[in-house]
Structure formats: structure tokens, C-alpha cells
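**Student:** Heads up: the protein sequence lines correspond to chains W and Z, in order.
For the first sequence, the working numbering gives the first residue as 506, with consecutive numbering after it.
For the second sequence, the working numbering gives the first residue as 50, with consecutive numbering after it.
Glycine included, every Cβ here is placed at the ideal spot set by N, Cα and C.
Computed from a prediction, not measured in an experiment: that's the story for all the values here.
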Amino acid sequence: MICDNIYEALVFYKDESTALEPGLAESWEISPDGKIYTFHLRKGVMFHDGTPFNANAVVFSIGRMMKNRKLKFHGQGWSVPPQERPPEYWVSMEMDDTIDSIEAADEYTVVFRLKRVEAPFLANMGMDFADIISPTAFVKNPKEFLRNPVGTGPFKFVEWIKDDRIVLAKNENYWDKSGGPYLDKVVFRAIPENSVRFLELKAGNIHICQFPNPADVPLAKKDPNLKLVSQPGMNIGYLSFNHTKRLWKNIHMRRAIAYAINRKAIVDNIYQGMGQVAKNPIPPTMWGYNDAIEDFPYDPEKAKLELAQAGYPGGKDLPEITLWSMPVPRPYNPEGLKVGVAMISDLSKVGIKARIVSYDWGTYLKRQREQPRDMDLFQLGWTGDNGDPDNFLAVLFDGLASPAIRTQWKNKEYHELMSAGKQTIDQAKRTEIYKKALQVFHDEVPAICVAHSTVVWPMRNNVMNFKLHPTASVRMKNVRLE
Amino acid sequence: MLAHIIRRILLLIPTLLGISIIIFFMMHITPGDPAELLLGERATEKALEALREHLGLNEPLHVQYGMFLKRLLRGDLGETIWTRQKVWIEVKQRFPATIELSIAAMIISTFLGIILGIVSATRQYSVFDYLSMLGALVGVSMPIFWLGLVLMLIFSLNLGWFPMSGRLSVGIELDTITNFYLLDALLTKNWAALKDALWHIALPAFTLSTIPMAIVARMTRSSMLEVLRQDYIKTAKAKGLSPGIVVLKHALRNALIPVITVIGLMFGILMAGAILTETIFAWPGVGKWLYDAVLQRDYMVIQGGTLFVAAIFVMINLVVDILYAVINPKISVH
């Protein structure tokens, strides 16, 4: 949220989608074999501290995260300080396995050589972790840079009072003269309690209120001083199976659950309408979405039929199963426990006895990964990073790729499609690959797609031009007060 | 007396050591680790491993505890896991906020509680007595969370008398020296900021004060009733002293001894209440900070922060013991 306004990356996501557009790089070329990316940088851009933005700054910014740094600067370069801590996102996105070397070919050209063909690479370069930072400021004090960020973005960092506020000021020398920044100052206040935050908005003490309680949204609609902005979130809340247990290797059992759960009722009552029932694990706004898929209807009779085919007619001989439910609200699931209660009542209607299991969030995440015997079904979800289907489909469900994949579903056909998707650059071809993968997903039901939530934020009427982004970034650049 | 104080301060060392061991092992028995929470849904095995290695979480427990002790001996509480800041700096930023709030709440609860208690005791079984004791019962039973929100709705949103949350309005500048905003405003003679800070502290301090106020009021009442029955009070009355003097000079002084114990122990109640009060009123203090640290498994914050709170708690108890002796010379400190 803060970094979205201070820093910029080589490529930008469009205003309301994850389609890419030129950012600090004006243009780029990809070699025919898909392994060399050449970026041509924008000229005349300055960091907030006066350091000129150039190819060396890019080599420095991205290069500092590499484990084995194969970097080449143009002319007088920078010495890159050693790493404090392994950069989390960089490691999670497996960038060390992707990037081989980075080279400043001239003052405004950077060449990335990759170790492997990685189709989502360009989209990754638009993520926060790939933001370009001022080398001068970083070298001055690497440890404190975190608290004194310097970038090229439309706003400059002013101060941070912990747990209270962060203040940014307009960057008068912003390179893009076609729009904002219009605001002289932006204050991000930390107000942890949802209802208090909303009251502050009602009282007019703040202009925008993020993540209100769902129950406050109708109140905001009625308030003549407020308006709402909404954006279908780039997310999925799902219910999956412990695929290491024999019971869930039986496809009839998985289908029985899919037919038994009334997802529409869950979205209407627990998401309070702020979401839509999902039939694919990627949101409909994303390319690769397979609209031809016919969703599982809510059909207790079919569920009973599947249950009988699985060898448990009427749920007879079926042991009580556990349904893990999340203890914390997440962007993709506002109230995991309530969703869990609704699900077990649906399951009991077809003869499946289930009970809720929950832990605090840290324990939940850790134990889930271990696929313990006492876990049958679990709720979890995902918010996308870069708008690439690979970032949902491979990361969440390709159990053959790594034991760290939370859904340990192992399907060879799916795995091959995921690998093909990564290694194909042409987007039209990739679309076909992912559509096919989604069909496999639907046929095999490794998980039940519950909902894509909609993010709704209330704000004062005089706030103009504020848009929510699917990646949940908060951009103040073009916002104006009337 | 001095020897006693020194001995008590020396006793702090084994006490804190014991606390740190308990906290350390309780923390590590709880499943889930900071690496898991920091990376959340997107944690990969590689990223988890790299982070655990970096944070020293792969070392055996006694080695980790040893490292903590070694740092502690050098006066270093370590670095937080989530914000990568020195724990000491974070303590310095947040502790004054909590102490300021607690002191304000303590003043309100002591002052109002004692008055209520005295009046109830001297007018035992009157309507006032019943009302104030009923009030005290409600005060103890009221959930702080609910009370805070209700006060906010009435006094901030509807009446507009007080601000809703935070320590200082946006737009009011204050040079922080100690991070005690009221003190800083006084030191820099910044009257606008002083007024604004007082205005901000009023509601949260009152919210936080309700439970201790109720306890103090009940304690004062019963202790006063006890004392008022004593012979020396009868003597004083018989001497013809005015009732006011009897109550305030003869009775109150003796009645206050158990009350002071309670006030001393109040710090614990205030710290517990501070978690909720700070959350509602967006008060950047240590209660919310520690609470979040537990949920995020920020071991460094939990260790350093609790140690600090425990030290303060033990010191306050010491001060209370010394106060006894000052108030009542009959009790000598051994």
C-alpha cells in the first residue's frame, strides 16, 4: 500500500487489471528462445533523493536479491552490500532458478538472461519485490533503508510513527506529467478495529476506509456523505481434501462433497453478497478462464448418489470427518468458521457427519502443510500476485511440482500442462493450455472452488478517481479531493 | 531500608530469568513459527527453510535460549522478526504511550474510586451507597471493548466532544523527546499539542479506568467501614473533632493501606485492559504490540517485551511496599 506510491517497477499493471503496460521501462524485447529479455529504460527519471534512474539502478535493485550475483554494470557501477535476510518474495517466486545474469548494456538498456523459459517472468517484473530503489539511499544504510524508502514514485516518504501513521508527500518532480499526483500529502493511519475505522470515516476524519465489516457496507450505502468503490478481487477461496488419505482418493467422495455444499447460500449469507460463486479456481477476469465449464449444482440427491457409488450409501460406515476452518478473516473468505458451520450442516443433510477443527492461524498454516491424518477437508485460499494463471493453478494445485504445494493432489496430466504453460511464451497458446488444465481440474475435483470475494471500500463523496486494483495495491497517484 | 531495597532489586534478576525461561519455552511449545506466518499462504519449502535458517530457528532450543541470554547480557534485546527493528527501539516508541494511558487511567480510577468509597462508607445503606456499589459492580463486569465503542459512539460521533482514535490529530506537530506526548508538549511549551493530546487521552483513559475504579471503590468502602468501627475513631469523635477531620485524617489514612496494595496490583489489570483499549482507540502502545506479536509469533518481541513489562511490574510492587512504610510507620520494611 505504501510502496505502491513510493516505488515503481519496470512494467506496470494497468489501472484496473493485471494487463501489462510500460513502466520505468519504455519498451522491451524477448529473444526468440524466450531466454533473453532486453528492457529499454525511460530517460529523465529521478529518484526522490536526486539520484538519476538508469540501467545501473536496475541492475543494483534486482541484483541485490540474487543468491549468486552475476551482474554487470555500465561504467561506474555500485558495490552491492551483502544480504541481510533472504528476500522472501524473491525466494517464494523461485527467481534464483529463473534469472541467470543481469547486465547494463548501456546507460538505458538492461539485459536479463534467464536460466529457463519462464512465461510469467514479465508479469513478475511488475510485482512489488521487483520495484526499483535508489542505490545511493540503500548503500548509505542498508539496514535502515526499510524505514527510509526512496523510489521514483509519485509520492515521497516523509515519516512513519509506528502503529499510528505513515505520511507521504507529493513528488513535485514526478516524471509522468500526464496525470497526478494531485494531493500534497497522504496520511495512512493505522486504526486496527474495523468498526472504529468506519466510524472515523462517517465522522469525516478520514477519507477512505479499507476493509470495513461486511455489516457496515449497507450503512455506508445509506449514508449520503459516502460512496463505495468495489473491485472483484483476484482471489479464490476453496475447500480441498487431504489427498494423502485413501478416502479422498475416491473421486466419488470428492464429487459427493461438491454436490452437497450450497455455495450460493454461503456467498449470499456469509460473504453478504460481496463475492461470487466460483466454478474455476481462477477469477473470471483473468485470461485463461474457462467459461465452458459447467459448475457443480447444489444437488443433495446427486451427492447421495455419489456417496453410494463411493461405497457409503446414506453415509453408512463413513467415519466422522473433520473440516478445518480458518480462524481469521482473509481477503478470500471473511469468516472461515461460519463458512465451516454452513458446510457441515449441508454435509449432514446427505448423511456425512463432519465436525469443525480450527487452530490459531500460525498453527493452522503449519499443520495443514503436514497433511495430518486428523485433517479431511480444509478451507484455504489465495490472492493473486501478478495476474498470471500459473500463479494460481501451479502454485495451489500442482502437488507433483513440490511437497510444499498445499493441495497435495498428484495428477500427471495436470502437472504436464503446468510445465507446458510455464515454457510457452505465446499467450494465445498458454490460454489454451490453462483452459485444458481447468477442464482436468473440474473433472477430477481436487478442490471445490467456493467463491471469489469482492473487495468493497467506502469513502467520502469528495474523493475522486480512487480505484481498487485486483492485486490489492493502493494507488494514490490520480486521486483528487473536491 | 536501603539494604532491603537493594536486596529486592537484586532479587529482580532471578525473577526475570525465571520469567524469561517460562516465556521462552511456552512460546516454542506453541506450534506455528514466525517463518510460516510471515510467508502465509504462499510459503514454499525453500523460502521457509532459508528464513528459518536466517532467524536461527533451526538451532536446538537451548542454543536459541543461550543466544538470547548472551544478547541480553550485552543489553541487547535483539531485532524484531517482522519489522527488523531493534526491540529496544520499538519498546521506547510504544512504552510511553501505554504508561501515559495507564497513569491517566490510574489517576481517574484512584481519585474517583476513593471518593466513591468514602462517600459510600460514611453513608452506609443510603441510596447513594447502593447506587455507587451497583455502579462498581457494573464497572467490573462491563466488557471494555463494548464500553469503549459505546463511549465513542456517544461522545465522539454524536456529540463530537472527543476525537475517536489516535494520540494526536493529523496536522498537529509535536517534537517528540520522551514519546510521552503530554510531557513532550509541556517540555516544548506546545500548548496546542498539549490540549490535543489531553483531548485524545480522555476517552481511552476513562474506558481503561472503569474496572480498577470499581475495585478501588469497593476496597475503600469496606476498609473504611472496618476502620470507622475502631475505638480510636470513637475517641476522636468523643474529643469533639469534626466528622470531616475524623474521616479524612484519622480513618482514611488507615483505611488506605489495603487500597494502596490494590492500586499497586492494578498495573496488571491495566496492562490486560490496555490490549483492548489500545485496539479500539488505535493507541500505539505496548499492549496491542505484544498481542500482535503473539499472533505473529514474533519471538523477539515476545521475549523482549514481556521481560520489560515484567521488570516494570516487579518494580511497581517494590514501590508499593515502600509506600506502605511511608504511609504507615507502624509497618517497617524488612
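Examine the Cβ distances between the stretch 267-279 of chain Z and the stretch 240-257 of chain Z and report whether three or more of them are shorter than 8 Å.
**Tutor:** no
**Student:** Of the residues that make up the stretch 685-712 of chain W, which ones have a beta carbon closer than 8 Å to any beta carbon in chain Z?
**Tutor:** V692, R694, A695, I696, P697, E698, S700, V701, L704, E705, K707, A708 and N710
**Student:** Specify, as a first and last residue, the run of the beta strand (DSSP E) that V672(W) falls within.
**Tutor:** Secondary structure note for V672(W): its beta strand (DSSP E) is the uninterrupted segment R670 to K675.
**Student:** Mind pulling the alpha helix (DSSP H) runs of 4 or more residues that sit fully within the stretch 872-914 of chain W?
**Tutor:** 895-902
**Student:** If we ignore side chains and look at the alpha-carbon of each, how far apart do S181(Z) and F144(Z) end up?
**Tutor:** 33 Å
**Student:** Since I believe P975(W) is in contact with S522(W) (beta carbons under 8 Å), could you give me their beta-carbon distance rounded to a whole number of angstroms?
**Tutor:** S522(W) to P975(W), Cβ: 7 Å. Contact.
**Student:** Assign T284(Z) to one of three DSSP states: helix, strand, or coil.
**Tutor:** helix
**Student:** Would I696(W) be called buried (16 or more neighbouring beta carbons within 10 Å of its own) or exposed?
**Tutor:** buried
**Student:** Less than 7 Å between C-beta atoms, sequence neighbours within five positions excluded: which residues of the same chain meet that for V189(Z)?
**Tutor:** I260, A263 and I264
**Student:** Considering only C-alpha positions, which residue in the set A514(W), G926(W) and I756(W) is nearest to K941(W)?
**Tutor:** G926(W)
**Student:** Check whether chain Z comes within 8 Å of W792(W), counting only Cβ atoms and requiring the distance to be less than that.
**Tutor:** no
**Student:** Nearest to D800(W) by alpha carbon, out of V564(W), R760(W) and A720(W)?
**Tutor:** R760(W)
**Student:** So with Cβ pairs under 8 Å, would you call W962(W) a contact of chain Z?
**Tutor:** no
**Student:** In chain order, what residues of the stretch 133-151 of chain Z put their CB closer than 8 Å to some CB of chain W?
**Tutor:** Listed in sequence order: R133, Q134, E139, Q142 and R143.
**Student:** By the 10 Å Cβ neighbour count, where 16 or more other Cβ atoms means buried, how is W240(Z) classified, buried or exposed?
**Tutor:** exposed
**Student:** Check the C-beta distance from A300(Z) over to L257(Z) and give it rounded, since I have them as a contact under 8 Å.
**Tutor:** Taking a contact as a CB-CB distance under 8 Å, the pair A300(Z) and L257(Z) does not count as one, their CB atoms being some 29 Å apart.
**Student:** From Y518(W) to D728(W), what does the alpha carbon distance come to, in whole angstroms?
**Tutor:** 33 Å
**Student:** Does the beta carbon of T355(Z) come closer than 8 Å to any beta carbon on chain W?
**Tutor:** no
**Student:** Measure the Cβ-Cβ separation of K707(W) and L206(Z) and say whether it is below 8 Å.
**Tutor:** yes
**Student:** In whole angstroms, what separates the C-alpha of P192(Z) from that of I826(W)?
**Tutor:** 37 Å
**Student:** What separation, rounded to the nearest whole angstrom, lies between the Cα atoms of K238(Z) and F229(Z)?
**Tutor:** 14 Å
**Student:** Kindly indicate which residue of R172(Z), L372(Z), K95(Z) and W195(Z) has the alpha-carbon position closest to the one of A906(W).
**Tutor:** K95(Z)
**Student:** Going by the DSSP bridge assignment, what does D611(W) pair with across the sheet?
**Tutor:** D611(W) pairs with T614(W).
**Student:** Give the single residue among G631(W), K690(W), G684(W) and D636(W) whose Cα lies nearest to the Cα of F660(W).
**Tutor:** K690(W)
**Student:** With 8 Å set as the bound, which would you pick, yes or no: does the beta-carbon of K286(Z) sit closer than that to a beta-carbon of chain W?
**Tutor:** no
**Student:** Report the option in H712(W), T641(W) and R569(W) whose CA atom is closest to the CA atom of N970(W).
**Tutor:** Considering only alpha carbons, the answer is H712(W).
**Student:** Extract the residue ranges of the alpha helix (DSSP H) inside the stretch 96-142 of chain Z, only unbroken runs of 4 or more that lie entirely within it.
**Tutor:** Listed in chain order, they are 110-122.
**Student:** Rounded to whole angstroms, how far is the Cβ of I351(Z) from the Cβ of M116(Z), which I believe are closer than 8 Å?
**Tutor:** About 15 Å; that fails the 8 Å criterion.
**Student:** Which residues in chain Z sit within 9 Å of R872(W), going by Cβ to Cβ distance?
**Tutor:** Taking a Cβ-Cβ threshold of 9 Å, the residues of chain Z close to R872(W) are P80 and G81, in chain order.
**Student:** Starting from the C-beta of H383(Z), find all residues in its chain whose C-beta is less than 8 Å away, skip the five residues before and the five after it, and write them out in chain order.
**Tutor:** Low local confidence applies: a pLDDT of 49 at H383(Z) is under 50, so the model's placement there is unreliable, and no value is given.
**Student:** Can we say the stretch 715-732 of chain W touches the stretch 944-962 of chain W, given the rule of at least three CB pairs closer than 8 Å?
**Tutor:** yes
**Student:** I think H748(W) touches W914(W), with their Cβ atoms under 8 Å apart; what is that distance to the nearest whole Å?
**Tutor:** 5 Å
**Student:** Nearest CA to the CA of V945(W): which residue from A956(W), T929(W), M964(W) and E921(W)?
**Tutor:** E921(W)
**Student:** Below 8 Å, can you find three or more Cβ-Cβ pairs linking the stretch 103-117 of chain Z to the stretch 194-201 of chain Z?
**Tutor:** Short answer: they don't touch.
**Student:** Where does K519(W) sit, in a helix, a strand or coil, going by DSSP?
**Tutor:** The answer is coil: DSSP assigns K519(W) none of H, G, I, E or B.
**Student:** Going by C-alpha distance, which of K645(W), A763(W) and P951(W) is nearest L901(W)?
**Tutor:** P951(W)
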